[in-house]
Amino acid sequence: MQEPEMIETKTPDTQVPEINNQAGGTITKLQAAGDSQEWQQYLEQSFSFVATLPDYLGAFFNKYKQPLTIVGVFLGAIVTVKVVLAILDALNDIPLVAPTFELIGIGYSAWFVYRYLLKAQTRNELTSEITTIKSQVLGGNK
Numbered sequence: 346m347q348e349p350e351m352i353e354t355k356t357p358d359t360q361v362p363e364i365n366n367q368a369g370g371t372i373t374k375l376q377a378a379g380d381s382q383e384w385q386q387y388l389e390q391s392f393s394f395v396a397t398l399p400d401y402l403g404a405f406f407n408k409y410k411q412p413l414t415i416v417g418v419f420l421g422a423i424v425t426v427k428v429v430l431a432i433l434d435a436l437n438d439i440p441l442v443a444p445t446f447e448l449i450g451i452g453y454s455a456w457f458v459y460r461y462l463l464k465a466q467t468r469n470e471l472t473s474e475i476t477t478i479k480s481q482v483l484g485g486n487k
């Protein structure tokens with residue numbers, strides 16, 4: 346095995362800084378004359394903004410009440426659908442719950458067909474109930 350070779354390098358002579366032997370002065374805090382006035386001005390502007398913020402927000406909400414309501418309802422609907430889907434997914438993971446819900450759905454569908462769709466008289470009753478509900482929701486006689 347070979348041993349690594351040692352190479353000597355020379356560093357250039359560096360100058361050592363001189364030490365100041367003169368008598369020292371006092372330490373003073375440097376501060377601009379208008380610095381405190383600027384801070385007071387910034388604080389006054391901030392306080393005036395915060396003071397007028399409720400009036401500004403009230404005017405904004407009064408001006409855009411309908412679009413904000415629509416956006417709020419839309420976002421609420423999205424959150425509600427996501428939560429319901431998460432709950433149904435969690436229930437679907439529990440053994441025997443999904444088949445039980447399927448049996449309940451099949452049973453209700455069979456009862457609905459038996460109750461409303463087999464006879465002409467009950468079909469007319471269902472039609473009248475649907476038109477009543479439709480007129481209550483839509484208003485008037487539509």
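Take the sequence shown: its position 21, counting from 1, is numbered 366 in my numbering, and each next residue is one higher.
Cβ coordinates follow ideal geometry from the N, Cα and C atoms, glycine included.
It should be emphasised that the depicted structure is a prediction, and the values quoted were computed from it without experimental measurement.
What separation, rounded to the nearest whole angstrom, lies between the Cα atoms of residue i and residue j?
{"i": "ILE417", "j": "ALA396", "result": "It is Gly, not Ile, that sits at residue 417 in the sequence shown. If I take the Cα positions, the gap works out to 27 Å."}
{"i": "LEU436", "j": "LEU463", "result": "34 Å"}
{"i": "PHE394", "j": "GLN386", "result": "12 Å"}
{"i": "ILE451", "j": "PHE457", "result": "10 Å"}
{"i": "ALA443", "j": "THR414", "result": "37 Å"}
{"i": "ARG460", "j": "ASP400", "result": "59 Å"}
{"i": "VAL428", "j": "LEU388", "result": "44 Å"}
{"i": "GLU447", "j": "TYR453", "result": "10 Å"}
{"i": "GLN411", "j": "ILE423", "result": "18 Å"}
{"i": "ASN407", "j": "ILE475", "result": "38 Å"}
{"i": "LEU433", "j": "ALA455", "result": "23 Å"}
{"i": "PRO440", "j": "GLY485", "result": "48 Å"}
{"i": "PHE392", "j": "GLY403", "result": "18 Å"}
{"i": "GLN466", "j": "SER473", "result": "11 Å"}
Check residue i in the structure and name its three-state DSSP category.
{"i": "LEU463", "result": "coil"}
{"i": "ASN469", "result": "helix"}
Query - Any alpha helix (DSSP H) of 4 or more consecutive residues that is wholly inside the region 390-457 - result: 410-437 and 442-457
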